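Read the structure below first, then the notes.
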Amino acid sequence: MAATKVPLWAICLLRVVLATVYFQEEFLDGERWRNRWVHSTNDTHFGHFRLSSGKFYGHKEKDKGLQTTQNGRFYAISARFKPFSNRGKTLVIQYTVKHEQKMDCGGGYLKLFPADLDQKNLNGQSQYYVMFGPDICGFDIKKLHVILYFKNQYHSNKKPIRCKVDAFTHLYTLVLRPDLTYEVKVDGQSIESGNIEYDWDLLSLKNADKASEAAKGWDQATDGQTQDWEKHFLDAGTSKPSDWNSELDGDWPGPMLQKPPYQDGLQPKGINKDMWLHQELTSTSYLSAYDLSEFENIGAIGLELWQVRSGTIFDNFLITDDEEYAERFGKATWGETKGPEREMDAIQAKEEMKKAREEDEQELLDRKSDPKQNFCSRHHRREDL
1 MAATKVPLWA
11 ICLLRVVLAT
21 VYFQEEFLDG
31 ERWRNRWVHS
41 TNDTHFGHFR
51 LSSGKFYGHK
61 EKDKGLQTTQ
71 NGRFYAISAR
81 FKPFSNRGKT
91 LVIQYTVKHE
101 QKMDCGGGYL
111 KLFPADLDQK
121 NLNGQSQYYV
131 MFGPDICGFD
141 IKKLHVILYF
151 KNQYHSNKKP
161 IRCKVDAFTH
171 LYTLVLRPDL
181 TYEVKVDGQS
191 IESGNIEYDW
201 DLLSLKNADK
211 ASEAAKGWDQ
221 ATDGQTQDWE
231 KHFLDAGTSK
241 PSDWNSELDG
251 DWPGPMLQKP
261 PYQDGLQPKG
271 INKDMWLHQE
281 LTSTSYLSAY
291 DLSEFENIGA
301 IGLELWQVRS
311 GTIFDNFLIT
321 DDEEYAERFG
331 KATWGETKGP
341 EREMDAIQAK
351 EEMKKAREED
361 EQELLDRKSD
371 PKQNFCSRHH
381 RREDL
């Protein structure tokens, strides 16, 4: 029987159906976004967001997002969705950031929160699961944060990941997989990847817990055996041999075998406890007890950050379990408008240069046509000097 050929569109449709989209926000319904996003009232000095596509854009409506509006302010805003657990599933977090003001110092990152987040009280002390996105301040800090919450502590990726620093919109993607691998993408291109176990400062913490549990189990299992083994070991060397001749061999010196100072070291049958623990810990199976990238009650996404100069636009938020869906979503949003956005910026730059040149030429003509004004202008310049 000939195999039935499945059309490509059917495969793509099936993939979309299988993908789980936990949250998706493009701000395409105007001011209705205010019904979904909640400003924190924890501090009366928090900055406000507005819906804007900025001064230049690829599409006036599609490029509208949450824009910071006040300089030198903290910002705190969040949106809820149906709580979920990513246990045993891939977690993809994706969104776009546009530092239209050419950020000099401030954050552009997002946070993933537990479902019990108090949105009205959101602040810098609110517990989060994941913090991801760009952070810029001066010449030193131009990094992409990837921070995970594990065992009541926040842990950062040890690798320096650089973010974009220009004024254009950029697509940021974080992928956390159930096999403990991760990947960071910027504009759809992978810029960093690896294993969470080794790229975060977590191994010593896990090993300490595992060693403590294993040592406890070892002590309980061998407590009764140890006493019998010690007695047998010592008795074997404490009795005087029957053929010992005091005249020829001298006085019996006593036990030649002493209790070994193993003190959690040498054990019955010559097993070394430390070696045993090390061999057990090298296996990755023990990591199943410490799911470093799994969170049980994800239920909110938010922006909690500081900016010296406002103007950043956040858009195209996506949380899903499907990497291919995230890639297609990125191409359908940022991918469609990135080119026109740069074209509009280039046109505006040329217009501004033309306008500045015309103003300079007009000022020069005015000076030539009015000698008195020209004299006064030169006089004022000398006074300034």
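Read in UniProt numbering, the sequence shown has 191 at position 191, and its numbers run on one by one without any break. Even for Gly, the Cβ is constructed at its ideal location relative to N, Cα and C. Values in this document were obtained by computation on a predicted structure and should not be read as measured data.
What are the boundary residues of the alpha helix (DSSP H) that residue i is part of?
{"i": "Glu294", "result": "Run containing Glu294: none; DSSP gives neither H nor E here."}
{"i": "Gly339", "result": "334-369"}
Secondary structure at residue i, three-state DSSP: helix, strand or coil?
{"i": "Lys269", "result": "Note that Lys269 scores a pLDDT of 49, beneath 50, so its modelled location is shaky and nothing firm can be said."}
{"i": "Ser85", "result": "coil"}
{"i": "Val92", "result": "strand"}
{"i": "Ile196", "result": "helix"}
{"i": "Arg32", "result": "helix"}
{"i": "Gly330", "result": "helix"}
{"i": "Lys60", "result": "coil"}
{"i": "Asn152", "result": "coil"}
{"i": "Leu122", "result": "coil"}
{"i": "Leu180", "result": "coil"}
{"i": "Tyr325", "result": "helix"}
{"i": "Leu117", "result": "coil"}
{"i": "Leu112", "result": "strand"}
{"i": "Thr20", "result": "coil"}
Is the beta carbon of residue j closer than 7 Å to that of residue i?
{"i": "Leu117", "j": "Val130", "result": "no"}
{"i": "Glu197", "j": "Leu180", "result": "yes"}
{"i": "Thr68", "j": "Gly88", "result": "no"}
{"i": "Ile93", "j": "Phe132", "result": "yes"}
{"i": "Gln24", "j": "Leu305", "result": "no"}
{"i": "Tyr154", "j": "Ile161", "result": "no"}
{"i": "Leu28", "j": "Phe49", "result": "no"}
{"i": "Leu303", "j": "Leu110", "result": "yes"}
Keeping to the same chain, check which residues put their C-beta closer than 6 Å to that of residue i; ignore five residues upstream and five downstream.
{"i": "Gly54", "result": "Glu100, Ile313"}
{"i": "Val21", "result": "Thr320"}
{"i": "Met103", "result": "Ile136"}
{"i": "Leu365", "result": "none"}
{"i": "Gln307", "result": "Thr68, Gly106"}
{"i": "Ser310", "result": "Thr68, Thr69, Gln70, Asn71"}
The beta strand (DSSP E) with residue i in it runs from where to where?
{"i": "Asp315", "result": "312-320"}
{"i": "Met131", "result": "130-137"}
{"i": "Thr44", "result": "No beta strand (DSSP E) contains Thr44, which DSSP labels as neither H nor E."}
{"i": "Gly50", "result": "Correcting the residue identity first, residue 50 is Arg in this sequence and not Gly. Note, Arg50: beta strand (DSSP E), 49-52."}
So, at 8 Å on beta carbons, what are the nonlocal neighbours of residue i in its own chain, with the 5 sequence-adjacent residues on each side left out?
{"i": "Gly299", "result": "Arg80, Phe81, Lys82, Pro83, Phe84, Phe113, Pro114, Ala115, Asp116, Leu117"}
{"i": "Gly339", "result": "Gly58"}
{"i": "Asn195", "result": "Leu180, Thr181, Tyr182"}
Practice problem: Evaluate the contact criterion for the segment 326-334 versus the segment 166-174: three or more CB pairs, one atom per stretch, below 8 Å. | Solution: yes
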